[in-house]
Each structure stands twice: as structure tokens, then as C-alpha cells.
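In what follows, a structure is listed as C-alpha cells, so that the remarks can point back to it.
In my numbering, the protein residues as written are 6 to 291.
As C-alpha cells, then:
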């Protein structure tokens, strides 16, 4: 079947559905949609809750569903302008996702890979170094790769620590250029006490590497990486430069955290919904 012709930008996000808890698809779908981008979803798994702070959650892995979904899309002539991957639940899914990228991404389409597998020096439950090495294969398909420092260390087989110097962050970003087609967005620069930063690196123009900072909110929240990545994707697809998109995404995430501070019952995510009305102003900020 011929490709369906439309002027509408379409993005596919591939990650899990946590039925309760603000992360993954339940974050990506509303945020990217609010940026004005038509968003399709492909669940990698269905969980009753996310894995942080909950016990005895249920998990249904959907690895074997992915090929049939791809085949149906091929028959229907469905293509995407961008594909954004987050939490995936098995190494086999990496190969299936690479097939989806190869067959369903439009020419000159964009791939975003958030290697969601670890944080604070530890793998998420069920992941290990073998999985990280497989995730590295998926990262290499990405035009934008968005690891935190823990994920970066596992990709690079480096020891993680609580604090990295600015020079160490730059070295790590440069080494990560082997895991992207174009851009590295390395999150987790903490050498400024009142700000959180990230490095934006273009492997084709390393001299343009820069740090981007947002004010820090002293509050630990689940799902902020997914909020950031989704806002970054939405900004890039609105034509923003990587550094501008990182600034917008960081500001969006900071405001979502700030909206959550003080509510002791809201420990499972951040109130990103309350920041959605500010998106158009954020897009005008740079």
C-alpha cells in the first residue's frame, strides 16, 4: 500500500505503559501531544504501577506483539516522522525496534533514544550490563541520545559516582559520541549547587559543545527523566535547536517538580499536567 500523505507531523513513542504512576507513555503521550505533535504509541510492556516505590506490581511483557504490529502498519502504509524510544523490557525488543525504525521511519526521519534503564548508580529492576550493551546498539540508531550519568557509565563501562567534574562530564559526553548518529544530551551535571545542567554535543561539530542549566528544585521525584525527554522531543519537533530544546525541557521539568513540592501524597511522579498551559510561552523563550 502507498504511504498515506499528510502534512501532519507524526511521532511514534515506544515504551511501557505503567497503569498508575506518571512515567513512560502516560507522560510522553500527553506532553508531546500538547506540543502540537500527533503521537502514536507502541507499548513495550504493561505494568500495574511503575517499579519505584511499589511492590508486587504486575508486568505483562509485549515483546512478541511488536512484529505483528509492525507488519500491520506496513500493510496500512503507516509511517512516522520521528520515533522516540524509552523504557523497553527485553533485549529482543531492541532488534524488533530496530526493524520498526528501518521500515516505518520516513526518509530523513528523526530517532530519539532515551536509554531508560538506570539511575542513581543502579540498574532498574531486571536490567544488567548485558542489557546495557544491547541498549547501546539501539542508541547507535539515534539522532538524539539522552542518557543520565548512570546510564552513560553503563554504556561506557565506567564506574559511577555521585559527583562528576565539568571536565569529566565533557570527557564522558565525547565518549558517548560513539553511541549516537548525531547528538548527545548528557544529563546530570551537578557541579553548580543551585542549578542542574546537561551537555549538548554534536558529534560532527564537537567545538560547539555547550552546557545548559536550569534552576534546581531540591526535591527528588520519580519520572522526571521521562518528562524531560518528552518535552525535549516536542521542542525539537517544533524546530528548536538542541540547546534551546534542552533549556525548554529543563524548565518544563523544573516547573513540574515545583508544582509537586509540598504534597506528601504525591510521591509517584510530578504534576506535569499543571505546566502544560505554559508550553507555548516556553516555545517562545528561545
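Heads up, the beta-carbon is just placed ideally off N, CA and C, and yes, glycines get one too.
Item, Value
"Which residues in the same chain have their Cβ closer than 7 Å to the Cβ of residue 72, if we skip the five residues on either side of it in sequence?", "101"
"Could you give the distance in angstroms between the alpha-carbon of residue 75 and the alpha-carbon of residue 276?", "33 Å"
"Can you tell me which of 25, 231, 45, 99 puts its alpha carbon nearest to the alpha carbon of residue 146?", "99"
"Can the beta-carbon of residue 228 be found closer than 9 Å to that of residue 29?", "yes"
"So residue 20 is in the beta strand (DSSP E); what residue range does that whole segment cover?", "15–25"
"DSSP three-state call for residue 247: helix, strand or coil?", "helix"
"Using a threshold of 9 Å, state whether the C-beta atoms of residue 15 and residue 84 are closer than that.", "yes"
"When the distance is taken between beta carbons, is residue 115 closer than 9 Å to residue 149?", "yes"
"List, from N- to C-terminal side, the beta strand (DSSP E) runs of 3 residues or more that fit wholly inside the stretch 41–87.", "43–54, 64–66"
"At which residues does the alpha helix (DSSP H) containing residue 140 begin and terminate?", "134–144"
"Does the stretch 206–213 come close enough to the stretch 175–195 that 3 or more CB-CB pairs lie under 8 Å?", "yes"
"Using only alpha-carbon positions, find the residue among 289, 167, 188 that is nearest to residue 194.", "167"
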